[in-house]
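To start, the structure under review is shown below, and the notes come after it.
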Amino acid sequence: MLEIKPYKFYFCPCTQDLYGDEVLKHVAEHSKEIVGHLNEAEEIPYEVVLKPNLLTDDVIQATFAEANADPNCAGIITFAHTFSPSKSYIHGLRHLQKPLCQFATQYNEEIPYKEIDMDFMNENQAAHGEREFGHIFARMRLEHKVIFGYWKDKEVLNELGSWMRVAVGYNESQNIRVARFADTMRNVAVTDGDKVEAEQVFGWTVDAWPINEVVPFVDAVSPKETADLTDEYYDLYSIIDDGRDAKEFRRLVEVQAAQEIGIERFLEEHNYNAFSDHFDDLGGLKQLPSLSIQRLMAKGYGFGAEGDWKTPAMVRLMKIMTAGQKGAKGSAFMEDYTYNLVPGKEGILESHMAEVDPSVSEGKIALRATPLSMGNREDPVRLVFTAQTGPGIATSMIDLGDRFRLIVQDVECKKVGHQMPKLPTGTVFWAPKPNLKIGTEAWIYAGGAHHTAFSYDLSAQQMQDWADLMGIECAIIDENTTIRNFKNELRVNDVVYR
Ligand code: MN
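Everything in the sequence shown is counted per this note's numbering, starting at 1248 for the first residue and increasing by one.
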């Protein structure tokens, strides 16, 4: 489900033809060495391909046009080894449709004090060339990412790798397709929005489907397929039966197994990679899809409940951006439920009534069937677990009527230190930055939703870079947030993004 194209990045040495062949040969050789190092580095998630020296307007236009036309090219990385006059880039940049990172690095780490002469200075003038190159972006008011530092430095490589994931997110955003079953929960504002605008700005397709279009897919799942998947659940998860009859418990689990297979078949047949549903309109489904959806999220589908179509798209985006990331801890749909206000132990308990993504779980996962306090269906079977600890980000994409705003908050996930034996859902407990009081006030001032797309593996910087590529506002709440400055930032953004 998380299949991603074999994305590549074009590495383009920026130079000019004033220096003679010897220098241009060195530029190409050094660039080849840098590209070789990038392709070996564990921090770099996608292949980097060396392109010819960008010497003239014609070469620049041809290279950028090739990038535009190459569906596997996710972005361009430039490196100004020498001076490279930036008027030459105007035509190419006007038409460039791929993200561009200005890798402001230098071939040599140290100035060779003993040998340095004017030839060396001309050949190695990144400090000079990168400024000229950057100027044209400022003048043309084009979005690009600048990463400064030595190309062997681990932190610099990490930064470049993180940006590459953002660039892939930009490209893959165009392929996000959300099936919205049963429209939305009545009267709810924050999870709704302008779907036409979302397609225009982000490339997301959001289609409405009656839930009863899915039901035949669920009903068509054979008893054998249902039994096999149920066996798999029983192998993978422990069981909290709450004294229920074992046969009846298994029958309830089988309902979810058939849903997992049936819903996935519907999504595959109609080419959707994200979806939402709504507990108040379940048509012919016997239970609120719970365990079934939890499993689909863990497979890589985006999801949001109650007809929320923006969160599924964001969850899918996060899963794409973190695909294959070493040591990744998970990205998931979450909902702010209830506070702990005890001094020193402040935080928010995150969960949902059923659909909590087990990607973020730690330790054992159990199957449990308990009554849902809403709706009129059978008790749904859910996966129950607690989550991993550590830093993460919570995000909310909202529609302000005339534009989108992405709100990103740094959070610290913690153990609650208590059992919650009566709670039949997966949970995460986090403390927002800079603290519960300011973090919550800022989130509310920004208009953020109770639904979030959460990730342990992405940074606020990456979401900001993605939002910049999309041309939308990004309001970050972090360690340095104060209410006065944050409110001012929102006021300024009202003018800037209008
Ligand atoms: Mn909800």
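All C-beta atoms, glycine included, are put in the ideal place defined by N, C-alpha and C.
Quick caveat, the model's predicted, so the values are computed rather than measured.
Exercise. Confirm, please, whether the CB-CB distance from I1307 to S1278 is below 8 Å.
Key: Here residue 1278 is taken as the residue at index 31 of the sequence shown, counted from 1. Here residue 1307 is taken as the residue at index 60 of the sequence shown, counted from 1. No, the pair does not count as a contact, with Cβ atoms beyond the cut-off.
Quiz prompt | Rounded straight-line distance, which links the Cα of T1672 to that of M1600 | solution = Residue numbering aside, residue 1600 sits at position 353 when the sequence shown is read from its first letter. Residue numbering aside, residue 1672 sits at position 425 when the sequence shown is read from its first letter. Going by the C-alpha atoms only, they are around 7 Å apart.
Exercise. For V1675, collect the residues of the same chain with a Cβ closer than 7 Å to its Cβ; drop the 5 residues on either side in sequence, then sort them by chain order.
Key: Along the sequence shown, read from residue 1 onward, the residue named residue 1675 stands at position 428. So the list reads M1581, E1597, V1607, A1634, C1660, once near-sequence residues are dropped.
Quiz item: For the ligand MN, which residues count as neighbours when the test is a C-beta closer than 6 Å to any heavy atom?
Solution: The set of residues whose C-beta lies within less than 6 Å of a heavy atom of the ligand MN reads, in chain order, A1552, E1553, E1582, H1599, H1698.
Self-check item: Three-pair Cβ contact test at 8 Å for the region 1391-1405 versus the region 1482-1490
Solution: no
Self-check item: N- and C-terminal bounds of the alpha helix (DSSP H) containing E1416
Solution: Indexing the sequence shown from 1 puts residue 1416 at position 169. Residue identity check: residue 1416 is Gly in the sequence provided, not Glu. Per DSSP, G1416 belongs to the alpha helix (DSSP H) from 1401-1420.
Practice problem: Identify the continuous beta strand (DSSP E) that holds S1638 and give its terminal residues. | Solution: Here the question's residue 1638 lines up with position 391 in the sequence shown. The sequence given here has Pro at residue 1638, not Ser. Counting along the chain, the beta strand (DSSP E) containing P1638 begins and ends at 1637-1646.
Quiz item: What is the residue span of the alpha helix (DSSP H) that M1368 lies within?
Solution: Here residue 1368 refers to the residue found at position 121 when the sequence shown is read from its first residue. Residues 1365-1370.
Quiz item: What does A1455 pair with, by DSSP beta-bridge criteria?
Solution: By one-based count along the sequence shown, residue 1455 stands at place 208. According to DSSP, which records beta bridges pairwise, A1455 is partnered with R1427.
Practice problem: May I ask which residues mark the beginning and end of the alpha helix (DSSP H) holding Q1534? | Solution: Within the sequence shown, residue 1534 is the residue found at index 287, counting from 1. That residue, Q1534, is in no alpha helix (DSSP H); it is neither H nor E in DSSP.
Quiz prompt | Nearest neighbour of G1222, chosen from Y1584, D1527, Y1397, N1355 [CA to CA] | solution = Residue numbering for the chain in the displayed model covers 1248 to 1745; residue 1222 lies beyond these limits and cannot be assessed.
Self-check item: Cβ-based burial, G1549 [other Cβ within 10 Å; buried from 16]
Solution: On the sequence shown, residue 1549 is found 302 positions in, with the first residue counted as 1. With 16 or more Cβ atoms within 10 Å of its Cβ, G1549 is classed as buried.
Exercise. Alpha carbon to alpha carbon, how far is H1698 from R1795? Give it in angstroms, no decimals.
Key: Nothing about residue 1795 can be reported from this structure: the residues present for the chain run from 1248 to 1745 only.
Exercise. Ignore the nearest five residues each way along the sequence and tell me which others in F1733's own chain have a CB closer than 8 Å to its CB.
Key: If you number the sequence shown from 1, residue 1733 lands on position 486. Residues of the same chain with a CB within less than 8 Å of the CB of F1733, apart from the 5 flanking positions on each side, are A1689, Y1692, A1693, A1722, I1724 in chain order.
Quiz prompt | Uninterrupted beta strand (DSSP E) stretches inside the region 1586-1638 (no shorter than 3 residues) | solution = If we require 3 residues or more, the beta strand (DSSP E) runs fully inside the region 1586-1638 come out as 1594-1598, 1608-1616, 1628-1634.
Practice problem: Could you tell me whether the region 1623-1641 touches the region 1496-1507, where touching means 3 or more Cβ pairs closer than 8 Å? | Solution: yes
Quiz item: Do three or more CB pairs link the region 1465-1472 to the region 1433-1440 at distances below 8 Å?
Solution: no
Quiz item: Among F1449, F1311, M1368, L1301, which residue has its Cα nearest to the Cα of I1651?
Solution: Walking along the sequence shown from the start, residue 1651 turns up at place 404. Looking at the sequence shown, residue 1651 is not Ile but Phe. The candidate whose alpha carbon is nearest that of F1651 is F1449.
Quiz item: Are the Cβ atoms of W1410 and H1284 separated by less than 8 Å?
Solution: Within the sequence shown, residue 1410 is the residue found at index 163, counting from 1. Within the sequence shown, residue 1284 is the residue found at index 37, counting from 1. Against a cut-off of 8 Å, the Cβ pair of H1284 and W1410 comes out as no contact.
Quiz prompt | Residue interval of the alpha helix (DSSP H) (run including R1745) | solution = Against the sequence shown, residue 1745 aligns to sequence position 498. Counted as a single uninterrupted DSSP element, the stretch harbouring R1745 is not any alpha helix (DSSP H), since DSSP gives it neither H nor E.
Exercise. On the DSSP bridge assignment, give the partners of K1566 in chain order.
Key: Here residue 1566 refers to the residue found at position 319 when the sequence shown is read from its first residue. Answer by DSSP bridge pairing: none, since K1566 is not bridged.
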